[in-house]
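Peer 1: For the sequence shown, full-length UniProt numbering begins at 1 and goes up steadily by one. For each residue, glycine too, the CB sits at the ideal point set by N, CA and C. In this text the structure is predicted, and so the values were computed from the model without any measurement.
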Amino acid sequence: MKNPEAQQDVSVSQGFRMLFYTMKPNETSFQTLEEVPDYVKKATPFFISLMLLELVVSWIRKGKPPGRLDDALTSISAGVLSRLPSLFFRSIELTSYIYIWENYRVFNLPWDSPWTWYSTFLGVDFGYYWFHRMAHIFYSPLALFIPPSVYAVHLQFNLLYQFWIHTEVINNLGPLELILNTPSHHRLHHGRNRYCIDKNYAGVLIIWDKIFGTFEAENEKLVYGLTHPINTFEPIKVQFHHLFSIWTTFWATPGFFNKFSVIFKGPGWGPGKPRLGLSEEIPEVTGKEVPFSSSSSRLLKIYTVVHFALMLAFYEETFADTAALSQVTLLLRVCFIILTLTSIGFLLDQRPKAAIMETLRCLMFLMLYRFGHLKPLVPSLSSAFEIVFSICIAFWGVRSMKQLTTRPWK
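#1: Under three-state DSSP, which class holds Gly270?
#2: Taking the alpha helix (DSSP H) that Ile76 falls in, what are its first and last residues?
#3: Could you tell me the distance, in whole angstroms, from the CA atom of Leu278 to the CA atom of Phe264?
#4: Leaving out five residues on either side along the sequence, give the residues of the same chain with a beta carbon under 7 angstroms from the beta carbon of Gly287.
#5: Comparing C-alpha positions only, which one of Met134, Ile337, Phe212 and Thr120 sits nearest to Pro235?
#6: Taking the C-alpha atoms as reference points, what is the distance between Leu109 and Phe30?
#7: Using the C-alpha atoms, what's the distance from Ala354 back to Pro37?
#8: Leaving aside the five residues before and after Gly203 along the sequence, list all residues of the same chain whose C-beta is less than 6 angstroms from its C-beta, in chain order.
#9: Using 8 angstroms for Cβ pairs, my map puts Gly268 next to Ile246. What's the rounded Cβ distance?
#10: What do you get for Thr406, buried or exposed, if any count of 16 or more other CB atoms within 10 angstroms of its CB means buried?
#11: Using CA coordinates, which residue listed in Val285, Tyr139 and Thr249 is at the minimum distance from Ile92?
#12: When burial is assigned at 16 or more other CB atoms within 10 Å of the CB, is Cys335 buried or exposed?
#13: Drop a sphere of 10 angstroms on the beta-carbon of Glu9, count the other beta-carbons inside from all chains shown, and report buried for 16 or more, exposed for fewer.
#14: Going by the beta-carbon positions, is the gap between Gln156 and Tyr39 smaller than 8 angstroms?
#15: On a CA-only basis, which of Ala78, Val388, Ala143 and Tyr303 is nearest Phe107? Give me that one, please.
#16: Using the Cβ count rule (16 or more neighbours within 10 Å means buried), how would you classify Ser382?
#17: Can you tell me the Cα-Cα spacing of Arg17 and Met23, whole angstroms?
#18: Checking the sheet assignment: what are the DSSP bridge partners for Gly191?
#19: Which one of His185, Glu177, Val80 and Ile60 has the shortest CA to CA distance from Thr342?
#20: Spatial neighbours of Asn231 within its chain, please: C-beta separation below 6 angstroms, excluding the five flanking residues on both sides.
#21: Tell me which residues share the same chain as Leu188 and place their Cβ nearer than 7 angstroms to its Cβ, disregarding the 5 neighbours each side in the sequence.
#22: Where does Glu316 land, buried or exposed, given buried means 16+ other C-beta within 10 angstroms?
#23: Determine the burial state of Trp115: buried for a count of at least 16 other Cβ atoms within 10 Å of its Cβ, exposed for fewer.
#24: Could you say which of His228, Thr304, Met134 and Thr227 lies nearest to Thr349 if we only look at CA atoms?
#25: Between the C-alpha atoms of Lys273 and Val262, what's the straight-line distance to the nearest angstrom?
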């Protein structure tokens, strides 16, 4: 999936059709895995276009900016973190799929047949439902008969489809609601209302939820988020807090078999409770919940947006130039990206050590810049970048000294 010949430009029509899973079999059938384009990377400009369109439409409808800046940065950070491992190695699910295909396939469906293409669409979407529901790999049985190149196409399209259903701009899509996973269905999946818990896991086709009893229609005002909010914008904590919770619960739960139930049953489970816990123990929502919000100043938020945008530019450049970069440069860039996301989270959270973290981040940027591990986005502005980051180091360095010698910075 990294063959340069497979990375041809896509048209505007193809770009948007990728997001809505409406590409044709004759456009997206390949004999080998190496020929399969990186559709996720190709779709990035169209992600941004639709995000801006949603922003404008929502602003026109409500007369004010939609959502909140801190939530937006945290959500994008989650997407950034999820893609970083692919810079170094192929995903576990694709690797295991190829292994099963090469060693245990029962028969070989033709890679260029529309029937294979549509069968894989159903198979991957069915697998996504169970993957989403059980958080495990459920695609492997497809490797008994579906070529990896066809599977790799649909794995990407299924992922891309998830983008457009994360919106509040689209309300109801009429008859399509009966078959497809729509924004209305998927909004409910992210609700913390009791009736939303463990519902609507589908990827593209909502029929899987209806068949297996996990479907619920949107019928009351939704309150988004976790049943027990963690109140932070620090992306590493957001991504891994549930693992820490499982770890502490595992050791606090008595009994050998009970400990393993902590791992394999729902987060609400406890000795004597059903597998998914008791619904009455889920905090009831009133609709008056106030989302956690950063108390940082407007100037600081502007600062975080500017540096977040710079990080995204280096992030996209890194993916574009992966084949030409050394493993050392890749590793250093990934460390810088993670440090940037963490530091921005610290700043938005108003953490006591935020200034120290930001000083170290700006120092790392200058070092990578000087030693050629980061290239100037605009060569003519190379000196300007160094001056700006030097000023940032001085500013945050002074803040750091004040933090270390007086009360925490705010």
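Peer 2: Considering the structure as presented:
#1: As a first step, residue 270 must be located in the sequence shown, where it is residue number 270. Gly270: coil per DSSP, three-state reduction.
#2: The residue given as residue 76 occupies position 76 in the sequence shown. Its alpha helix (DSSP H) spans residues Leu69 to Arg83.
#3: One-based indexing of the sequence shown puts residue 278 at position 278. One-based indexing of the sequence shown puts residue 264 at position 264. Looking at the two C-alpha atoms, the distance is approximately 16 angstroms.
#4: As a working note, residue 287 is residue 287 in the sequence shown. For Gly287, where only same-chain residues beyond five positions count, the Cβ hits under 7 angstroms are Lys221 and Val223.
#5: Here residue 235 refers to the residue found at position 235 when the sequence shown is read from its first residue. That would be Ile337, whose Cα lies nearest to the Cα of Pro235.
#6: Start at 1 with the first residue of the sequence shown, and residue 109 comes out as number 109. Start at 1 with the first residue of the sequence shown, and residue 30 comes out as number 30. Each residue's Cα considered, the two are about 13 angstroms apart.
#7: Stepping through the sequence shown from its first residue, residue 37 is reached at position 37. Stepping through the sequence shown from its first residue, residue 354 is reached at position 354. When rounded, the distance between both Cα atoms is 40 angstroms.
#8: The residue given as residue 203 occupies position 203 in the sequence shown. Excluding residues within five positions, the ones whose Cβ falls inside 6 angstroms are Asp125, Tyr128 and Asn158.
#9: The count along the sequence shown starts at 1 and reaches residue 268 at position 268. The count along the sequence shown starts at 1 and reaches residue 246 at position 246. Gly268 to Ile246, Cβ: 12 angstroms. No contact.
#10: Translated into the one-based positions of the sequence shown, residue 406 becomes position 406. Per the 10 Å Cβ criterion, exposed.
#11: In the sequence shown, the residue the question calls residue 92 occupies position 92. The candidate whose alpha carbon is nearest that of Ile92 is Tyr139.
#12: Along the sequence shown, read from residue 1 onward, the residue named residue 335 stands at position 335. Exposed, because fewer than 16 other Cβ atoms sit within 10 Å of the Cβ of Cys335.
#13: Here residue 9 corresponds to residue number 9 of the sequence shown, with the count starting at 1. One detail in the question is off: residue 9 reads as Asp in this sequence, not Glu. Classification of Asp9: exposed, given that the 10 Å Cβ count is below 16.
#14: The count along the sequence shown starts at 1 and reaches residue 156 at position 156. The count along the sequence shown starts at 1 and reaches residue 39 at position 39. For the 8 angstroms CB-CB criterion, Gln156 and Tyr39 form a contact.
#15: What you label residue 107 is simply residue 107 of the sequence shown in a count that begins at 1. That would be Ala143, whose Cα lies nearest to the Cα of Phe107.
#16: Here residue 382 corresponds to residue number 382 of the sequence shown, with the count starting at 1. The residue is exposed, with fewer than 16 neighbouring Cβ atoms inside 10 Å.
#17: Translated into the one-based positions of the sequence shown, residue 17 becomes position 17. Translated into the one-based positions of the sequence shown, residue 23 becomes position 23. Roughly 6 angstroms separates the two Cα atoms.
#18: Counted from its first residue, the sequence shown places residue 191 at position 191. DSSP, once it has assigned bridges, lists Tyr224 as partnering Gly191.
#19: Sequence index remark: in the sequence shown, residue 342 carries index 342 (1-based). Comparing Cα-Cα distances from Thr342 to each of His185, Glu177, Val80 and Ile60, the minimum goes to Val80.
#20: Looking up residue 231 in the sequence shown gives position 231. Here the set comprises Phe292.
#21: What you label residue 188 is simply residue 188 of the sequence shown in a count that begins at 1. Result list for Leu188: Cys196, Lys199, Asn200, Glu216, Glu218 and Leu222, in chain order.
#22: Start at 1 with the first residue of the sequence shown, and residue 316 comes out as number 316. Glu316 should be labelled exposed.
#23: Within the sequence shown, the letter at position 115 stands for residue 115. Classification for Trp115: exposed.
#24: Residue mapping note: residue 349 aligns to position 349 of the sequence shown, counting from 1. The sequence given here places Asp at residue 349; Thr does not occur at that position. When only C-alpha atoms are compared, the closest one is Thr304.
#25: For the purposes of this step, residue 273 is identified with residue 273 of the sequence shown, where counting begins at 1. For the purposes of this step, residue 262 is identified with residue 262 of the sequence shown, where counting begins at 1. When rounded, the distance between both Cα atoms is 11 angstroms.
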